[in-house]
Amino acid sequence: MEMTFNANDIAKARQLFNTASSVAILAHAGPDGDALGSSLALYHLLSSLGKTTNVIYPNDFAANLRWMPAADRALVFRKNPDAVSRIISDADLILICDLNELTRLNTGSKTDGIVGLSLLVQQSSAPKLLIDHHEFPQADQFDLLFSRPELSSASEVVYRLIDDMRMLELAPFDFFQCVLTGMMTDTGFFHYGCQYPDFFHIVADIVARGVNITLLTQNISCHEREQKIRLTAYLLDRKLELFPEFATAITILTDDEKRRFNYESGDAEGYVNIPLDIEGINRSIFIKEERQDGIVKLSFRSQGDVNVEQLARLHFNGGGHFNAAGGEMRDLTVQQVRDMLIHILKDETRI
Ligand SMILES: [Mn+2]
5 MEMTFNANDI
15 AKARQLFNTA
25 SSVAILAHAG
35 PDGDALGSSL
45 ALYHLLSSLG
55 KTTNVIYPND
65 FAANLRWMPA
75 ADRALVFRKN
85 PDAVSRIISD
95 ADLILICDLN
105 ELTRLNTGSK
115 TDGIVGLSLL
125 VQQSSAPKLL
135 IDHHEFPQAD
145 QFDLLFSRPE
155 LSSASEVVYR
165 LIDDMRMLEL
175 APFDFFQCVL
185 TGMMTDTGFF
195 HYGCQYPDFF
205 HIVADIVARG
215 VNITLLTQNI
225 SCHEREQKIR
235 LTAYLLDRKL
245 ELFPEFATAI
255 TILTDDEKRR
265 FNYESGDAEG
275 YVNIPLDIEG
285 INRSIFIKEE
295 RQDGIVKLSF
305 RSQGDVNVEQ
315 LARLHFNGGG
325 HFNAAGGEMR
335 DLTVQQVRDM
345 LIHILKDETR
355 I
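Heads up: the sequence shown begins at 5 in my numbering, then just goes up one per residue.
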């Protein structure tokens with residue numbers, strides 16, 4: 005495979021990896037399979053090279069990802085702010101995965117700006133490397149950017165970075181398990197975002213190294229909480245609204261409903277994709293109340309040439325990818341956000 009990054013940046017990264025003794029690795033709030041995959045892959049590589057390595061997440065990841073190798077060693081800022089603060093001030097290298105701006109480390113609202121964990125990272129004098137695949141990275145917040153929005157996942161970016169650095173042969177088995185987990189989860193198990201041969205060349209290399217896709221798929225899919233499956237059924241049966249005139253599905257989840265279903269973070273993960281399976285629907289929007297943070301969160305998914313990145317960015321303080329994006333609104337109820345959304349969709353079709 006050809007090099008992904010330019011030789012100059014790779015030489016700099018090599019130098020930083022070689023000289024670092026204490027590395028802090030971070031990924032975005034509400035960490036998913038790719039956030040864990042990319043950060044834990046780097047953890048396995050760097051700790052096997054004898055570095056003091058710590059993985060930090062802003063808040064807890066979903067219970068179904070607990071099987072991932074070394075996930076139990078990660079620190080959660082919301083639970084353990086003092087320990088995280090010490091680790092970041094001791095770090096001489098900071099690796100930041102699967103996000104395009106530091107405010108994505110906030111556990112509350114992105115619009116709070118640089119506070120809490122993002123402030124700790126910004127204030128650190130250690131070099132900060134971004135390893136990511138989201139559009140529009142905030143280049144001024146990082147010292148070195150390894151950002152490729154056209155690629156499937158941050159985990160794939162990790163693989164290519166380490167390949168460019170000629171360090172793949174030093175990586176332990178768990179590195180490849182974690183990389184493939186991120187590549188599988190961010191593509192919905194090879195359903196989207198992977199229409200280029202090198203994606204499958206990387207998968208082939210990982211399979212050749214002994215990673216079993218069947219076992220990995222079972223690990224990823226079969227550790228869900230019962231309450232999550234029941235909540236999914238409830239949302240589909242009672243809360244899903246279809247707007248065939250906009251080819252759009254909207255689902256609202258309120259705080260009261262979360263209480264009823266003993267909601268834990270991650271229980272709605274993946275739900276937003278399901279309405280896209282309905283004939284004639286090519287855009288699905290999930291609206292979630294987060295009253296304790298004073299915000300309403302939105303997830304957007306689409307198929308084909310329907311751009312939800314722009315919708316999220318222009319109207320809902322968000323962004324992400326062309327077919328998968330997120331956003332949030334402050335000081336509005338879920339109903340007001342829904343009405344605003346429908347208004348925008350009506351305007352869109354009028355043009
Ligand atoms: Mn990702």
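A virtual CB, placed ideally from N, CA and C, is assigned to each residue, including glycine.
Buried versus exposed, by CB contacts within 10 Å (16 or more), residue i
{"i": "cysteine 198", "result": "buried"}
{"i": "histidine 48", "result": "buried"}
{"i": "aspartate 36", "result": "buried"}
{"i": "lysine 350", "result": "exposed"}
{"i": "glycine 214", "result": "exposed"}
{"i": "glutamate 17", "result": "The sequence shown places alanine at residue 17, not glutamate. It counts as buried."}
{"i": "glutamate 273", "result": "buried"}
{"i": "asparagine 110", "result": "buried"}
{"i": "leucine 174", "result": "exposed"}
{"i": "aspartate 241", "result": "exposed"}
{"i": "glutamate 283", "result": "exposed"}
{"i": "histidine 137", "result": "buried"}
{"i": "leucine 69", "result": "buried"}
{"i": "phenylalanine 180", "result": "buried"}
{"i": "glycine 117", "result": "exposed"}
{"i": "arginine 305", "result": "buried"}
{"i": "histidine 195", "result": "exposed"}
{"i": "aspartate 64", "result": "buried"}
{"i": "alanine 11", "result": "exposed"}
{"i": "arginine 108", "result": "buried"}
{"i": "leucine 219", "result": "exposed"}
Residue closest to residue i, alpha-carbon to alpha-carbon, out of the options
{"i": "aspartate 202", "options": "Ser51, Asn63 and Tyr163", "result": "Tyr163"}
{"i": "isoleucine 217", "options": "Met187, Met171, Leu235 and Thr111", "result": "Met187"}
{"i": "lysine 243", "options": "Leu235, Phe250 and Glu249", "result": "Leu235"}
{"i": "histidine 227", "options": "Ala158, Met72 and Asp13", "result": "Met72"}
{"i": "valine 310", "options": "Ala143, Thr8 and Glu352", "result": "Glu352"}
{"i": "glutamate 280", "options": "Ile299, Asp271, Ala251 and Arg263", "result": "According to the sequence shown, residue 280 is leucine rather than glutamate. Nearest option by C-alpha distance: Ala251."}
{"i": "isoleucine 285", "options": "Ala74, Pro248 and Glu261", "result": "Pro248"}
{"i": "proline 1", "options": "Lys114, Phe290, Leu50 and Gln19", "result": "Outside the shown range of the chain (5 to 355) lies residue 1, about which nothing can therefore be said."}
{"i": "valine 276", "options": "Asp102, Ile256, Phe265 and Ser269", "result": "Ile256"}
{"i": "serine 89", "options": "Leu46, Val119 and Glu293", "result": "Val119"}
{"i": "threonine 1", "options": "Arg342, Val183, His195 and Ala45", "result": "Nothing can be reported for residue 1: it is not among the residues displayed for the chain, which extend from 5 to 355."}
{"i": "alanine 75", "options": "Ile92, Phe194, Leu44 and Asp102", "result": "Leu44"}
{"i": "glutamate 105", "options": "Leu121, Leu155 and His347", "result": "Leu121"}
{"i": "glycine 270", "options": "Phe194, Asn84, Arg229 and Leu315", "result": "Arg229"}
{"i": "isoleucine 135", "options": "Ile278, Ala24 and Cys101", "result": "Cys101"}
{"i": "arginine 264", "options": "Glu283, Ser288, Lys232 and Asp241", "result": "Lys232"}
{"i": "isoleucine 346", "options": "Glu283, Ile289, Glu293 and Leu184", "result": "Ile289"}
{"i": "asparagine 84", "options": "Ala66, Glu154 and Val59", "result": "Val59"}
{"i": "lysine 292", "options": "Lys262, Arg305 and Thr115", "result": "Lys262"}
{"i": "threonine 8", "options": "Glu154, His138, Leu103 and Arg108", "result": "Glu154"}
{"i": "isoleucine 6", "options": "Pro176, Phe320 and His205", "result": "First, the residue type needs correcting, since residue 6 is glutamate and not isoleucine in the sequence shown. Comparing Cα-Cα distances from glutamate 6 to each of Pro176, Phe320 and His205, the minimum goes to His205."}
{"i": "threonine 221", "options": "Leu184, Ile254 and Ala253", "result": "Leu184"}
{"i": "glycine 34", "options": "Asp13, Lys114 and Gln339", "result": "Lys114"}
{"i": "serine 157", "options": "Leu172, Leu133, Phe193 and Asp178", "result": "Phe193"}
{"i": "glutamate 268", "options": "Ile91, Tyr238 and Ala66", "result": "Ala66"}
{"i": "isoleucine 14", "options": "Leu46, Leu133 and Asp116", "result": "Leu133"}
{"i": "glutamine 307", "options": "Glu160, Ala237 and Arg287", "result": "Arg287"}
{"i": "alanine 212", "options": "Phe177, Asn266 and Met344", "result": "Phe177"}
{"i": "glutamate 294", "options": "Asp260, Ile91, His325 and Ala208", "result": "Asp260"}
{"i": "cysteine 182", "options": "Val207, Gln314, Ala316 and Gly324", "result": "Val207"}
{"i": "valine 161", "options": "Thr107, Tyr196 and Leu103", "result": "Leu103"}
{"i": "methionine 344", "options": "Arg354, Gly324 and His319", "result": "His319"}
{"i": "leucine 315", "options": "Gln340, Gln339 and Ile348", "result": "Ile348"}
{"i": "aspartate 209", "options": "Gln340, Phe326 and Leu172", "result": "Leu172"}
Anticipated Cβ contact below 8 Å, residue i with residue j, distance rounded
{"i": "threonine 189", "j": "isoleucine 224", "result": "6 Å"}
{"i": "proline 62", "j": "arginine 77", "result": "Wrong, their Cβ atoms sit about 16 Å apart, outside the cutoff."}
{"i": "glycine 41", "j": "aspartate 297", "result": "Their Cβ separation, rounded to whole angstroms, is 26 Å, which puts glycine 41 and aspartate 297 out of contact at 8 Å."}
{"i": "glycine 322", "j": "alanine 329", "result": "6 Å"}
{"i": "alanine 365", "j": "alanine 31", "result": "One cannot answer for residue 365 here, as it falls past the ends of the chain, which runs 5 to 355."}
{"i": "leucine 50", "j": "valine 27", "result": "5 Å"}
{"i": "leucine 246", "j": "alanine 237", "result": "Between alanine 237 and leucine 246 the Cβ distance is about 17 Å, and since that is not below 8 Å, they are no contact."}
{"i": "glycine 331", "j": "glutamate 313", "result": "Going by Cβ atoms, the distance from glycine 331 to glutamate 313 rounds to 10 Å, so no, they are not a contact pair."}
Proximity test, residue i beta-carbon vs ligand 2 heavy atom, cut-off 7 Å
{"i": "serine 51", "result": "Although ligand 2 was asked about, the structure shown includes only ligand 1 as ligands."}
- Message: When you compare the stretch 124-131 with the stretch 159-173, are there three or more beta-carbon pairs, one atom per stretch, that lie closer than 8 Å?
- Response: Counting Cβ pairs under 8 Å, fewer than three are found: no touch.
- Message: Is it the case that the stretch 142-149 contacts the stretch 334-345, given that we only count it when at least three CB pairs across the two stretches are under 8 Å?
- Response: Contact fails: fewer than three Cβ-Cβ distances are below 8 Å.
- Message: Quick test of the definition: if touching needs 3 or more C-beta pairs under 8 Å, does the stretch 289-301 touch the stretch 84-101?
- Response: Contact fails: fewer than three Cβ-Cβ distances are below 8 Å.
- Between the stretch 132-142 and the stretch 49-68, are three or more C-beta pairs nearer than 8 Å? In short, these stretches do not touch, since the Cβ pair count stays below three.
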